[in-house]
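**Student:** Have a look at the structure that comes next, please.
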Amino acid sequence: MRAHFLGVRGSTPAPGESFVRYGGYTSCIAVAHDDDAAPSLILDSGTGIRRVSALLGDAAFAGTILLTHLHWDHIHGLPFFSAADREDSRVALLLPEQPDGAEAAEVLARGMSPPHFPIGPEGLRGEWSFSNLSPGTIEAEGFKIEAREVPHKGGRTYGYRVSDGTSVLTYMPDHCPSLLGPGPDGWGEYYSEALQLAKEADALVHDAQVTAEELAAAVFFGHSVAEYAVELGRRAKAGLVVLFHHKPDRPDDALDELPGRFGPEPQVIVAAESLVLEL
Numbered sequence: 018m019r020a021h022f023l024g025v026r027g028s029t030p031a032p033g034e035s036f037v038r039y040g041g042y043t044s045c046i047a048v049a050h051d052d053d054a055a056p057s058l059i060l061d062s063g064t065g066i067r068r069v070s071a072l073l074g075d076a077a078f079a080g081t082i083l084l085t086h087l088h089w090d091h092i093h094g095l096p097f098f099s100a101a102d103r104e105d106s107r108v109a110l111l112l113p114e115q116p117d118g119a120e121a122a123e124v125l126a127r128g129m130s131p132p133h134f135p136i137g138p139e140g141l142r143g144e145w146s147f148s149n150l151s152p153g154t155i156e157a158e159g160f161k162i163e164a165r166e167v168p169h170k171g172g173r174t175y176g177y178r179v180s181d182g183t184s185v186l187t188y189m190p191d192h193c194p195s196l197l198g199p200g201p202d203g204w205g206e207y208y209s210e211a212l213q214l215a216k217e218a219d220a221l222v223h224d225a226q227v228t229a230e231e232l233a234a235a236v237f238f239g240h241s242v243a244e245y246a247v248e249l250g251r252r253a254k255a256g257l258v259v260l261f262h263h264k265p266d267r268p269d270d271a272l273d274e275l276p277g278r279f280g281p282e283p284q285v286i287v288a289a290e291s292l293v294l295e296l
């Protein structure tokens with residue numbers, strides 16, 4: 018499995034000279050099979066999804082997009098994904114089923130339609146399908162994907178566990194475990210769903226928008242601290258923890274310092290737009 022990190026910021030894009038090395042696009046990871054150069058599974062459609070087109074060359078996208086939730090920073094890139102908005106594309110878009118039972122295309126259109134945007138989801142060119150996803154396990158593009166609900170403010174949110182039968186990538190970009198209580202460290206509960214998603218994953222990509230000393234503000238917006246992400250990885254026996262969904266005003270130099278806060282196990286790295294993980 019090959020994972021291309023194409024957007025690693027949270028909340029809003031962060032352009033400018035202080036954000037060049039780690040990047041300013043918002044959440045998007047494109048996943049390919051080892052023997053297939055073209056990614057066929059995309060996790061979230063933040064502004065980073067625009068960069069998937071370069072991976073495909075002149076080809077149209079044919080595959081599945083999984084949304085963790087519907088916040089702006091996870092969907093704003095969708096109508097600008099040029100390799101998917103063309104007559105020969107094939108796209109299955111899945112998003113968490115909503116408590117009110119609304120259809121997937123209707124929910125997406127609440128933020129992508131006039132007066133907020135010139136067209137709705139039905140205006141995208143190509144063969145598109147929009148579906149609700151229940152918690153559980155599905156098969157898509159040759160991957161086994163497990164979806165579980167995780168606490169996050171402002172809308173139903175999933176974490177995903179993606180396996181190709183050999184490797185496991187766990188993706189929890191927006192996660193606020195402190196909504197379930199302070200837990201043993203004061204950073205949030207290590208509850209069963211999160212532990213199961215991360216269990217013995219080769220890589221755990223996790224919300225690390227803030228640090229422990231910034232937790233009070235993080236709770237208001239529904240995010241996790243880097244310390245929780247690392248400890249969750251340790252408890253779940255993940256091989257690698259990838260700190261993700263960076264605070265939009267945290268510059269490159271501050272992100273350089275993050276791994277130094279932690280010990281040697283598990284291995285910890287900071288996600289950057291140039292990162293490609295071979296699992």
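In this text, residue positions in the sequence shown follow our numbering: the first is 18, and each later residue adds one. By construction, the Cβ of each residue, glycine as well, lies at the ideal position given by its N, Cα and C atoms.
(1) Label W89 either buried or exposed according to how many other C-beta atoms from any shown protein chain fall within 10 Å of its C-beta, with 16 as the threshold for buried.
(2) Please work out which residues of its chain come closer than 6 Å, Cβ to Cβ, to G176, disregarding the five sequence neighbours upstream and downstream, and give them in chain order.
(3) Which same chain residues, not among the five before or five after A246, have their C-beta less than 7 Å away from its C-beta?
(4) Return the first residue and the last residue of the beta strand (DSSP E) that A157 is part of.
(5) Which ranges does the alpha helix (DSSP H) cover as unbroken runs of at least 4 residues, wholly within the region 62 to 117, from first to last along the chain?
(6) Taking the CB atoms as reference points, tell me whether P184 and L232 lie closer together than 8 Å.
(7) Say whether the region 56 to 71 touches the region 18 to 29, bearing in mind that this needs 3 or more beta-carbon pairs closer than 8 Å, one atom from each stretch.
(8) Helix, strand or coil: how does DSSP classify V167 here?
(9) On the criterion of 16 or more Cβ atoms from any shown chain inside 10 Å, does V287 qualify as buried, or is it exposed?
(10) For a quick check, are the C-beta atoms of G40 and A289 less than 8 Å apart?
(11) Beta-carbon separation of D202 and H262 under 8 Å?
(12) Hey, how far is the Cα of H310 from the Cα of E158?
**Tutor:** On the basis of the supplied data:
(1) On the sequence shown, position 72 is the one that residue 89 refers to. Looking at its Cβ environment, which holds fewer than 16 other Cβ atoms inside 10 Å, W89 is exposed.
(2) Taking the first residue of the sequence shown as position 1, residue 176 is located at position 159. R165, V167, M189 and L214.
(3) Within the sequence shown, the letter at position 229 stands for residue 246. So the qualifying residues of the chain are H223, D224, A225, V258 and L260.
(4) Residue 157 sits at position 140 when you count from the first residue of the sequence shown. That run of the beta strand (DSSP E) goes G153 to A157.
(5) 69 to 73
(6) Your numbering for residue 184 matches position 167 in the sequence shown. Your numbering for residue 232 matches position 215 in the sequence shown. Sequence check: residue 184 is Ser here, not Pro. Not in contact: S184 and L232 (Cβ atoms no closer than 8 Å).
(7) yes
(8) On the sequence shown, residue 167 is found 150 positions in, with the first residue counted as 1. In this structure, V167 counts as coil in the three-state DSSP scheme.
(9) Indexing the sequence shown from 1 puts residue 287 at position 270. Classified as buried, V287 has 16 or more neighbouring CB atoms from the shown chains inside 10 Å of its CB.
(10) Position 23 of the sequence shown, counting from 1, holds the residue named residue 40. Position 272 of the sequence shown, counting from 1, holds the residue named residue 289. In this structure, A289 lies closer than 8 Å to G40 by Cβ.
(11) Counting from 1 along the sequence shown, the entry for residue 202 is found at position 185. Counting from 1 along the sequence shown, the entry for residue 262 is found at position 245. No, these two residues do not count as a Cβ contact at 8 Å.
(12) Outside the displayed span of the chain (18 to 296) sits residue 310, for which this structure offers no information.
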